[in-house]
Amino acid sequence: MKPARKIDIFLADSLENLVGSDSYFFVGVTVMSRVLVTGAGGYIGTTLVPALLGNGHSVRAIDRFFFGQFLPADHPKLQIVQDDCRKLEIKHFDNVDVVIDLVAISNDPSGELFQKATWEINYLSRVHTAELAKKAGCQRYILPSSCSIYGFQPHDVIVNETSPTNPLTTYAKANEAAEKGVLPLADDRFCVVVLRQATVYGYSPRMRFDLAINGMTYGAWKTGRLPLLRDGTQWRPMVHVKDIADAMNFMIEVPSGKVNGEIFNLGSDKNNYQIGELGRIVANCVPRDAEIEWYGDPDHRSYRVAFDKVEALGFRALRTAEDGVREICEALDAQITDKSLRTMTLDWYKAMTEWHQITKSVEMYGGMIDLK
Ligand SMILES: NC(=O)c1ccc[n+]([C@@H]2O[C@H](COP(=O)([O-])OP(=O)(O)OC[C@H]3O[C@@H](n4cnc5c(N)ncnc54)[C@H](O)[C@@H]3O)[C@@H](O)[C@H]2O)c1
């Protein structure tokens with residue numbers, strides 16, 4: 210498959226040369242890549258992996274599967290590897306063209322509770338993964354970072370990829386360290402792309418109700434009370450999980466010269482919201498009367514983000530908050546998903562840590578109540 214990919218990329222580049230730099234043109238060319246996805250069992254991964262398979266790519270999905278296994282069973286082009294990303298070796302990168310390094314302790318409160326693991330997983334393991342990928346001859350490495358590294362910005366400022374960052378939490382600082390660790394690896398043969406993703410929303414098989422729009426939707430749908438973090442004036446960009454999957458597919462295929470060594474904010478201007486306004490949009494979209502219920506101390510994070518750079522490449526995040534709210538309500542109505550401990554990232558990590566202590570202290574003869 211490796212030579213085939215080279216031919217396809219050559220074709221994509223040649224077509225682009227023929228017609229000039231129309232950024233839409235190369236998108237029609239399918240590049241069949243072998244993609245290694247870390248953190249593939251997570252919220253983004255369980256939407257992304259089926260999308261990659263649907264586009265003809267083959268996927269090696271690596272994860273601890275802390276939240277369970279929601280990937281397709283027995284797909285001929287999917288290889289599932291249960292492992293810890295801190296322990297990856299060069300053999301994991303055999304026959305891989307592209308790495309999408311999703312793995313992370315994935316939100317601010319979990320990052321504060323598990324600071325050591327957050328540095329190890331979100332920073333050290335991702336730099337190590339990029340180094341191994343380069344050594345193994347992979348052609349492309351994509352780091353899904355976060356717009357949260359902009360932290361707090363004055364309300365009249367719209368940040369772009371060259372603006373000073375202001376990471377306020379362990380999670381955001383580890384993302385920035387990972388960006389700084391992987392970007393210098395870019396060269397003529399190894400393409401490195403950083404995507405600073407907005408906060409994600411929408412239905413995914415490994416569901417997260419700890420994300421803003423998803424949590425608001427659940428509260429409004431279930432109780433008619435929509436939880437909103439004070440004071441509502443804070444800016445936050447959002448992006449639909451299927452737009453993330455589309456963007457990753459796009460970034461696999463776009464010619465290296467357009468993205469190598471570059472950072473792109475990933476989202477859309479129409480999805481830049483002040484949280485109070487967003488709450489009203491969600492409340493209007495759920496199929497019952499819902500009122501806002503304020504919680505917490507005033508949010509110290511606020512950032513409004515420009516997405517011109519990724520749009521100039523030809524990528525558009527098309528979905529809206531309303532799309533996400535409607536599909537989550539439909540999934541809840543159909544009982545395909547529900548809020549549980551497992552869908553709340555911090556609560557689940559805390560619970561697993563507590564159970565680990567308990568099971569370690571009472572397990573005997575290979576079992577708990579039943580023995581092996
Ligand atoms: N969801 C968002 O709003 C958002 C926004 C910006 C950036 N991101 C980034 O996108 C990536 C994916 O986010 P997500 O929402 O899918 O998070 P998630 O928590 O749902 O997924 C992370 C996955 O990583 C796995 N994992 C954690 N530690 C591991 C380890 N040591 N070894 C192997 N697997 C491990 C977990 O089992 C989980 O399946 C993360 O890097 C996150 O920081 C997410």
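Counting with the numbering used here, you get residues 210 to 581 for the letters of the sequence shown. Cβ atoms here follow ideal geometry from the backbone N, Cα and C, with glycine treated the same way. Note that the coordinates shown come from a computational prediction; the quantities given were computed from them, not determined experimentally.
Check whether residue i and residue j have beta carbons under 8 Å apart
i: Arg273; j: Gln288; result: no
i: Ala540; j: Ala492; result: no
i: Ser354; j: Val307; result: no
i: Phe516; j: Asn469; result: no
i: Ile314; j: Val450; result: no
i: Ala345; j: Ile299; result: yes
i: Lys479; j: Glu370; result: no
i: His509; j: Leu420; result: no
i: Val534; j: Val495; result: yes
i: Phe276; j: Arg551; result: yes
i: Leu322; j: Lys569; result: no
i: Phe302; j: Ala342; result: yes
i: Ala178; j: Asn331; result: Not covered by the structure: residue 178. The range shown for the chain is 210 to 581.
Same chain, Cβ closer than 8 Å to residue i, neighbours up to 5 away in sequence not counted
i: Tyr482; result: Trp444, Arg445, Pro446, Met447, Ile490, Ala530
i: Arg525; result: Ser477
i: Leu262; result: Val268, Pro281, His284, Lys286, Leu287
i: Asn226; result: Model confidence at Asn226 stands at a pLDDT of 35, short of 50, so the residue's coordinates are unreliable and nothing is read from them.
i: Trp557; result: Phe275, Phe276, Leu550, Arg551
i: Val244; result: Leu261, His266, Ser267, Val268, Arg269, Val305, Asp306, Val307, Val308, Ile309, Ile461
i: Glu572; result: none
i: Gly424; result: Phe418, Pro436
Residue from the options with nearest C-alpha to residue i
i: Met460; options: Ile351, Lys296, Ala387, Val336; result: Ile351
i: Ile422; options: Ile484, Leu322, Arg295, Val519; result: Ile484
i: Ser413; options: Ile545, His266, Phe275; result: Ile545
i: Gln348; options: Ala499, Gly424, Val534, Ala395; result: Ala395
i: Lys325; options: Val305, Leu311, Arg295, Asp303; result: Arg295
i: Arg405; options: Arg434, Leu435, Met457; result: Met457
i: Ile439; options: Val244, Ala249, Glu502; result: Reading off the sequence shown, one finds Arg at residue 439, where the question assumed Ile. The shortest C-alpha separation from Arg439 is found at Glu502.
i: Gly433; options: Cys538, Asp397, Gly523; result: Cys538
i: Lys431; options: Glu340, Asp579, Asp547; result: Asp547
i: Leu333; options: Gly360, Leu297, Leu245; result: Leu297
i: Thr408; options: Pro436, Val514, Pro507, Ile330; result: Val514
i: Pro393; options: Pro436, Leu435, Thr562, Glu340; result: Glu340
i: Ser465; options: Asp397, Gly250, Leu245; result: Asp397
i: Glu500; options: Gly523, Thr562, Leu435; result: Leu435
i: Gly390; options: Glu329, Trp564, Glu486; result: Glu329
i: Gly251; options: Val312, Phe399, Val401, Asp532; result: Val312
Other residues of its chain near residue i: CB distance less than 6 Å, five sequence neighbours each side excluded
i: Lys211; result: Low local confidence applies: a pLDDT of 35 at Lys211 is under 50, so the model's placement there is unreliable, with the coordinate-based value given in what follows. Once the five neighbours on either side are set aside, Lys211 has no close Cβ partner at all.
i: Gln362; result: Val368, Tyr512
i: Gly575; result: Lys581
i: Met577; result: none
i: Leu437; result: Gly488, Ile501, Trp503
i: Gln566; result: none
i: Met561; result: none
i: Asp579; result: none
i: Pro507; result: Arg439, Asp440
i: Asn264; result: Asn458
For residue j and residue i, believed in contact at Cβ under 8 Å, the rounded distance
i: Leu257; j: Ile472; result: Incorrect: roughly 20 Å between the Cβ atoms, too far for contact.
i: Tyr380; j: Asn316; result: 6 Å
i: Ser319; j: Thr554; result: 6 Å
i: Thr426; j: Thr338; result: Actually they do not touch by this definition, with Cβ atoms about 33 Å apart.
i: Gly505; j: Gly441; result: With 8 Å as the limit, Gly505 and Gly441 do not qualify as a contact, their Cβ atoms being about 11 Å apart.
i: Arg335; j: Asp310; result: 5 Å
i: Arg415; j: Phe279; result: 5 Å
i: Ala249; j: Thr327; result: Between Thr327 and Ala249 the Cβ distance is about 19 Å, and since that is not below 8 Å, they are no contact.
i: Leu522; j: Lys467; result: 6 Å
Nonlocal neighbours in the same chain, by C-beta distance under 7 Å from residue i, ignoring five residues either side
i: Glu385; result: Ile358, Thr374, Pro376
i: Ser242; result: Arg214, His266, Asp306, Val307, Ile461
i: Glu157; result: The displayed coordinates of the chain run from 210 to 581. Any statement about residue 157 would go beyond what the structure contains.
i: Glu536; result: Gly411, Tyr412
8 Å Cβ cutoff, residue i in contact with chain C
i: Arg551; result: In the displayed structure, chain C is absent; only one protein chain is listed.
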